[in-house]
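For the sequence shown, our numbering gives the first residue as 21, with consecutive numbering after it.
No residue lacks a Cβ here, since even glycine has one placed at the ideal position from N, Cα and C.
Given the structure is predicted, the values throughout are model-derived calculations rather than measurements.
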Amino acid sequence: MSITGSCLCGNVTFAYSGDMADAAYCHCTDCRKTTGSAFNISIGLAADGFEITKGTPKTYTKTADSGQAITRHFCADCGAPLYTSSPAYPERIYIKAGALDDPGVVKPTYQSYTRSRVTWSKIDDDLPGFETDRAEGL
Ligand SMILES: [Zn+2]
Ligand SMILES: [Zn+2]
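Dropping the structure here:
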């Protein structure tokens, strides 16, 4: 499988070729803080098939709830999160699903840290929906 992706501003791009492991939701507090949203969705990739094709992501390392050091790689210009890595699992990286150019390849198969899940992580089917922005504004 070959995939490509980028940050929001396009200053950092990446490419991957190889097998894709499971995609998963993560409800942990760190994922909520780093995405600024209810949860993160990431996909495990083989580190040796992954390359940054443009730019240089900035990194931030913090010990996660799991007790492992997690390094978060993001664009220093637009702030978009791109992927995580850990010295405990050097053969793997975890790419942010929303950074992919074709997010249709993502099929999450489980969710982690449900003990930290916020009630608003599930979108109520009865909420009014708009194909684009809600016209009348806030
Ligand atoms: Zn950027
Ligand atoms: Zn998480």
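{"Query": "Taking the alpha-carbon positions, what's the D39 to E156 distance?", "Result": "45 angstroms"}
{"Query": "Got a sec? Which residues, its chain only, sit under 6 angstroms from A119 by beta carbon, not counting five neighbours each side?", "Result": "G25 and L102"}
{"Query": "Skipping 5 residues on each side, what residues in its chain have a beta carbon closer than 6 angstroms to that of R137?", "Result": "H47"}
{"Query": "Counting C-beta neighbours from all protein chains within 10 Å, is the total for L65 16 or more, i.e. buried, or is it exposed?", "Result": "buried"}
{"Query": "Assess, as a yes-or-no matter, whether the stretch 93 to 113 is touched by the stretch 57 to 73 under the definition of 3 or more beta carbon pairs within less than 8 angstroms.", "Result": "yes"}
{"Query": "Would the C-beta of C48 count as close to ligand 2, meaning under 6 angstroms from any of its heavy atoms?", "Result": "yes"}
{"Query": "Answer yes or no: do T166 and H93 have a C-beta to C-beta separation smaller than 7 angstroms?", "Result": "With the chain represented from 21 up to 158, any question about residue 166 goes unanswered, as that position is not in the structure."}
{"Query": "Between P123 and the rest of its own chain, which residues show a CB-CB distance below 8 angstroms, the 5 nearest in sequence each way excluded?", "Result": "A117"}
{"Query": "Quick check: does the Cβ of C95 come within less than 6 angstroms of any heavy atom belonging to ligand 2?", "Result": "no"}
{"Query": "Could you have a look at S37 and say whether DSSP puts it in helix, strand or coil?", "Result": "strand"}
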